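Chains as they are written, first to last, in my numbering: chain Z, 7 to 118; chain F, 74 to 184. Glycine residues also receive a C-beta, built at the ideal position from the N, C-alpha and C atoms. Since we're looking at a predicted model, the values are computed, not measured. Report on the structure given below.
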């Protein structure tokens, strides 16, 4: 079965630094990978999608890479701010996108 | 306007009761999902619907019965609630952009 791993420990960084979060997966070659942000007591919010034929995707201060050989995606937040503190989830689609597996998420704490 | 809404936000009930959670999306999406997020924050898919038809049932106990009266609505009925059903339940929808939109969640507590 599909296994998705994200750093289970919280990531603590100083404001202004770059945060890098990792998503590793096994047993599958997804057509794309998604990243979501989840704040306490709220539903996940879509951030970025990167397809299997894309190496890198950017959106403002966010950057995602996708290495299908390593079966890994990296999610970067540059010039991090305390408002970036949240849990970040990666997700992979299966079965014609009718099913998604999510990682357990990495909690990011950005300290002022 | 809220894209995906769920009611109720909180649900506290006794073991053995039957309860329902409602979900509505105004995005015009064809695909809707129910997810369960447990205390360890794992978000696990339960059901997937496409155009009112059940596509995926992720080995969920048959005490859980989803119903989609139309493309914009996907409700979840749970019979004979058990302690282990306590979790946050999220509804989501997806259109042609491969982006899932999640509702605010329903926190279910079974006593």
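Checking contacts by CB at 8 Å: is residue 105 of chain Z closer than that to chain F? Here residue 105 of chain Z corresponds to residue number 99 of the first chain, with the count starting at 1. Judged by the 8 Å Cβ criterion, residue 105 of chain Z is in contact with chain F.
Nonlocal neighbours in the same chain, by C-beta distance under 6 Å from residue 69 of chain Z, ignoring five residues either side: Counting from 1 along the first chain, the entry for residue 69 of chain Z is found at position 63. So the list reads 82, once near-sequence residues are dropped.
Taking residue 34 of chain Z as the query, report the chain F residues whose CB atoms sit under 9 Å from its CB, ordered along the chain. Within the first chain, numbered from 1, the residue matching residue 34 of chain Z stands at position 28. Here the premise fails: no neighbours, minimum Cβ distance about 15 Å.
Residue environment, residue 97 of chain F, which counts as buried when at least 16 other CB atoms sit within 10 Å: Counting from 1 along the second chain, the entry for residue 97 of chain F is found at position 24. Residue 97 of chain F should be labelled buried.
To the nearest angstrom, how far is it from the Cα of residue 102 of chain F to the Cα of residue 85 of chain Z? Position 29 of the second chain holds residue 102 of chain F. Position 79 of the first chain holds residue 85 of chain Z. When rounded, the distance between both Cα atoms is 35 Å.
Nearest-angstrom Cα distance between residue 80 of chain Z and residue 137 of chain F? Within the first chain, numbered from 1, the residue matching residue 80 of chain Z stands at position 74. Within the second chain, numbered from 1, the residue matching residue 137 of chain F stands at position 64. Roughly 36 Å between the two C-alpha positions.
For residue 198 of chain F, which option in F/170, F/156, F/155 and F/118 has the closest C-alpha, if you only look at C-alpha atoms? With chain F covering only 74 through 184, there is no way to say anything about residue 198 of chain F.
Can the beta-carbon of residue 165 of chain F be found closer than 8 Å to that of residue 83 of chain F? Sequence index remark: in the second chain, residue 165 of chain F carries index 92 (1-based). Sequence index remark: in the second chain, residue 83 of chain F carries index 10 (1-based). No; because the gap between Cβ atoms is not below 8 Å, this pair is not in contact.
Report the option in F/182, F/115, F/146 and F/158 whose CA atom is closest to the CA atom of residue 100 of chain F. Walking along the second chain from the start, residue 100 of chain F turns up at place 27. It is F/146.
For residue 48 of chain Z, would you say it is in contact with chain F, using Cβ-to-Cβ distances shorter than 8 Å as the test? Sequence index remark: in the first chain, residue 48 of chain Z carries index 42 (1-based). So yes, residue 48 of chain Z belongs to the interface.
Which of the three DSSP states, helix, strand or coil, is assigned to residue 165 of chain F? In the second chain, counting from the first residue as 1, residue 165 of chain F sits at position 92. Residue 165 of chain F: strand per DSSP, three-state reduction.
Endpoints, the beta strand (DSSP E) within which residue 140 of chain F is located: Mapped onto the second chain, residue 140 of chain F falls at position 67. Element bounds for residue 140 of chain F: 137-143.
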